[in-house]
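Okay, structure first, notes after.
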Amino acid sequence: MGSRSQQLHFVMIPLMCPGHIIPMIDMAKLLAERDVIVTMVTTPRNSVRFGAAINRAIVSGLPIRLLEVRFPSVEVGLPEGCESVDELPSYSLNVNFMSATKMLQEPVEKVLAEVMPRPSCILSDKHVFWTAKTAEMFQIPWIMFDGMSCFTQLCTEMLSTSKVHESVSDSESFIVPGLPDPIEFTKPQLPGLFNPDSRPNSVNVIRKQIRATEVGAYGVVINSFEELEKDYVDNFKKLKRDKVWCVGPLSLCNRDRLDKAQRGNNVINDQHKCLNWLDIQKPGSVIYACLGSLSSLTRGQLIELALGLEGSEHPFLWAVRAGSKQEEIEKWIVEDGFEERIKGRGLLIRGWAPQVLILSHSAIGGFLTHCGWNSTIEGICAGVPLITWPLFAEQFFNEKLLVQVVETGVSVGSKIAVQLGEEEKAGVNVKREDVKRAINCIMHEGEEGENRRRKAREYAEKAAKAVEEGGSSHVNMALLVEDVLKQTNDYRPKTLQ
Numbered sequence: 000m001g002s003r004s005q006q007l008h009f010v011m012i013p014l015m016c017p018g019h020i021i022p023m024i025d026m027a028k029l030l031a032e033r034d035v036i037v038t039m040v041t042t043p044r045n046s047v048r049f050g051a052a053i054n055r056a057i058v059s060g061l062p063i064r065l066l067e068v069r070f071p072s073v074e075v076g077l078p079e080g081c082e083s084v085d086e087l088p089s090y091s092l093n094v095n096f097m098s099a100t101k102m103l104q105e106p107v108e109k110v111l112a113e114v115m116p117r118p119s120c121i122l123s124d125k126h127v128f129w130t131a132k133t134a135e136m137f138q139i140p141w142i143m144f145d146g147m148s149c150f151t152q153l154c155t156e157m158l159s160t161s162k163v164h165e166s167v168s169d170s171e172s173f174i175v176p177g178l179p180d181p182i183e184f185t186k187p188q189l190p191g192l193f194n195p196d197s198r199p200n201s202v203n204v205i206r207k208q209i210r211a212t213e214v215g216a217y218g219v220v221i222n223s224f225e226e227l228e229k230d231y232v233d234n235f236k237k238l239k240r241d242k243v244w245c246v247g248p249l250s251l252c253n254r255d256r257l258d259k260a261q262r263g264n265n266v267i268n269d270q271h272k273c274l275n276w277l278d279i280q281k282p283g284s285v286i287y288a289c290l291g292s293l294s295s296l297t298r299g300q301l302i303e304l305a306l307g308l309e310g311s312e313h314p315f316l317w318a319v320r321a322g323s324k325q326e327e328i329e330k331w332i333v334e335d336g337f338e339e340r341i342k343g344r345g346l347l348i349r350g351w352a353p354q355v356l357i358l359s360h361s362a363i364g365g366f367l368t369h370c371g372w373n374s375t376i377e378g379i380c381a382g383v384p385l386i387t388w389p390l391f392a393e394q395f396f397n398e399k400l401l402v403q404v405v406e407t408g409v410s411v412g413s414k415i416a417v418q419l420g421e422e423e424k425a426g427v428n429v430k431r432e433d434v435k436r437a438i439n440c441i442m443h444e445g446e447e448g449e450n451r452r453r454k455a456r457e458y459a460e461k462a463a464k465a466v467e468e469g470g471s472s473h474v475n476m477a478l479l480v481e482d483v484l485k486q487t488n489d490y491r492p493k494t495l496q
C-alpha cells in the first residue's frame, strides 16, 4: 500500500464473546498484511483464550498490538474472571456483562489518547456501542464491524422502517417488504429487537441503544462476499451511501493447519480423535452437528437431537455443548446407553471443536447448524449443504438466506426463537423425526440432493475466489483501507444523539 498506509492505525474492539472475537482476529490479520497497524482491545482472560493465533501473527512480523484492559467482573456482580458472554453462569446476567463492557470506555480512551501513531479509525462490534462516542471524541470514523450478512442487515432495515410485524398475530406469517425475494416470517422467529421478550426492560433498552447507534456508523464491514448475496449487498449499499465493505469469508485467512486448528481456542478437546475418526469414514458420508457456543437447549430437546442423529442411520459427529444442561445430558447419555449404541457410527465431542478443520474434511457430507453467521459462512466455504436449526438472534434470517436464496440448506422446521435464558419456555420445538427428515433430505442421492450439493460446491469456489488477489473481497479490503486513508485528516463525525 506504500509508506502512507504504514501510518494507518485501526483500533479494533470486539464484544467479548467467541463468535464476535474470532472473526475480528481474522480481520486484524488481513489488515496487518496490508501494513496497517492494528490495535486489538482485549481482556486478560480473553488474551489467554485467543492469544495463540494473534501471537503467532505478531511473531511473524505483522503490525498487530494487543491492548489488554482489566474487565470489571466483580464490580458488576459477575464471578471473578468471567470475561466472556459464553462464561456467564446465567444469561440473566447479560445486563451486568454489558455494564462491565461499558466500563471499559474510560481506560480504553485513556490509552488511545497517548498511543502512537494516532488512531485512524475505530472498527468495533455494534454491541460495544460506546465506541461511537469514543470515535467522536477523537474525531475519527467509527466503522461498525458486523458479524452478520447483508441479507440480515436489509431485513433489519426493512422491518425497522415498515413495522409490518407489529400488525400481525404470533401465528400469522408476513412478507418483509422491500426485499429482492418474497421472504416470510412469523413474529416468534424474529430477533429480540422486533420481538421483545419477558426479560427485564433493561435488556430491551440495550437493544434499542445498539440499534440507535449503529444507524449513525460511518460505514459497515461485513463478513460476507458479494457473490453470495449480490442483490442484498447492492440494496444495502444504497441505504448506506456505498459505505459497505464485504471482506469475507474471513475464516479463509487461516491458511495454516495450526491456525485452523486453534482458531477460537488454545485448547482443543478430542481434536486428533475426531479427525482420525473422520479419516476412516467414507467421503461425503458424515453429518457434523454443532449448535454453537451459546446453545443451552432443554434436556428433552437435546435428547430429540441425539435420537434424530441416531435414527438417520448416517455417520455423525456431534459437538455436545449443553451449557447449564451438560451434566443432565451426560447423565442421559450414560443411562440410555446412547454413546455405546452409536459406537463406530457416531462420535461425540465435548467442549470446543476445530470446526474449520472438521468442515473441510472430505468425509463431511452435511452440517447441522444453529445458523450463527460464523458457522453459516464456514459451512459455505466448506462446500457442504447445511441443515438449518436456528435458535435465537438473527439466525432465522440466516436460515432464509440458505434455504430460499442460496438454496443449499434444508430446514428442520423450527418455528420459534429460543431466547437465551428462557429455553425452558420453548420446551421441545423440534422432534427427532424432523431431524431425521432433514438429514435424509440433505444426504439424498436424487436430483434434488445433487443440485443442492452442486450449488454448495459452486458457492465454496466463489468464496475462495473472492478472497484471492483481484477477487471482490480482496478489492473491498483495499477500498476500505483507501477510504480510511482519505478520511484520516478531515473526518468530522456528526454529533451523536
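In numbering that gives the first Met the number 0, the protein residues as written are 0 to 496.
Cβ atoms here follow ideal geometry from the backbone N, Cα and C, with glycine treated the same way.
Rounded C-alpha distance that separates residue i from residue j
i      : j      : result
Ile142 : Gly350 : 33 Å
Arg431 : Gly299 : 11 Å
Glu67  : Ser46  : 7 Å
Gly336 : Ser413 : 27 Å
Glu423 : Gln138 : 47 Å
Cys537 : Ala381 : Limits of the chain in this structure are 0 at one end and 496 at the other, which puts residue 537 out of reach.
Gln496 : Gly146 : With a pLDDT of only 40 at Gln496, under 50, the local geometry of the prediction cannot be trusted, and the value read off the model is given with reservation. Going by the C-alpha atoms only, they are around 25 Å apart.
Phe366 : Thr38  : 35 Å
Leu111 : Val58  : 23 Å
Val10  : Glu446 : 49 Å
Leu277 : Gln354 : 13 Å
Lys435 : Ser311 : 5 Å
Ser172 : Gln188 : 10 Å
Gln5   : Ile386 : For Gln5, the predicted structure reports a pLDDT of 48, less than 50, and the residue's modelled location is therefore unreliable. A value from the coordinates is still provided. C-alpha separation (whole angstroms): 44 Å.
Thr151 : Ile438 : 25 Å
Lys109 : Val40  : 13 Å
Met0   : Phe49  : Note on Met0: pLDDT 44, under 50, position unreliable in the model; the coordinate value appears next. Whole-angstrom Cα-Cα distance: 28 Å.
Lys207 : Gly215 : 13 Å
His271 : Tyr231 : 40 Å
Gly470 : Phe315 : 35 Å
Ser284 : Pro118 : 49 Å
Glu406 : Cys289 : 20 Å
Helix, strand or coil at residue i according to DSSP, with G and I counted as helix
i      : result
Ile328 : helix
Phe395 : helix
Gly185 : What sits at residue 185 in the sequence shown is Thr, not Gly. It is a strand residue.
Cys120 : strand
Ser201 : helix
Glu447 : helix
Thr407 : coil
Leu14  : coil
Arg240 : coil
Asp482 : helix
Met143 : strand
Lys162 : coil
Ile209 : helix
Val402 : helix
Glu467 : coil
Ala305 : helix
Supposed close pair residue i, residue j - CB separation, criterion 8 Å
i      : j      : result
Ser148 : Glu213 : Actually they are not in contact, since the Cβ atoms of Ser148 and Glu213 sit about 15 Å apart, beyond 8 Å.
Ser410 : Val402 : 6 Å
Ser65  : Ile36  : According to the sequence shown, residue 65 is Leu rather than Ser. 12 Å between Cβ atoms; not a contact.
Leu358 : Val383 : 7 Å
Leu293 : Leu419 : 6 Å
Val542 : Met476 : No information on residue 542 is available, as it lies outside the stretch 0 to 496 that the chain covers here.
Glu303 : Val429 : 6 Å
Val483 : Pro140 : 7 Å
Ala51  : Ala31  : No, Ala51 and Ala31 are not in contact; Cβ-Cβ is about 16 Å, not under 8 Å.
Residue i burial status per 10 Å Cβ neighbour count (16 or more: buried)
i      : result
Ser168 : exposed
Ala392 : buried
Gly76  : exposed
Lys324 : buried
Glu309 : buried
Pro181 : exposed
Met497 : What the structure shows of the chain is the stretch from 0 to 496, and residue 497 is not part of that stretch, so it cannot be assessed.
Ser83  : buried
Val73  : exposed
Gly80  : exposed
Gly18  : buried
Asn222 : buried
Pro43  : exposed
Ser201 : exposed
Ala134 : buried
Asn234 : buried
Leu61  : buried
Inset, instruction - Report yes or no: do the region 12-23 and the region 115-133 share at least 3 C-beta pairs separated by less than 8 Å? - result: yes
Inset, instruction - Flag this pair as touching only if the region 234-252 and the region 455-465 have three or more C-beta atom pairs under 8 Å; answer yes or no. - result: yes
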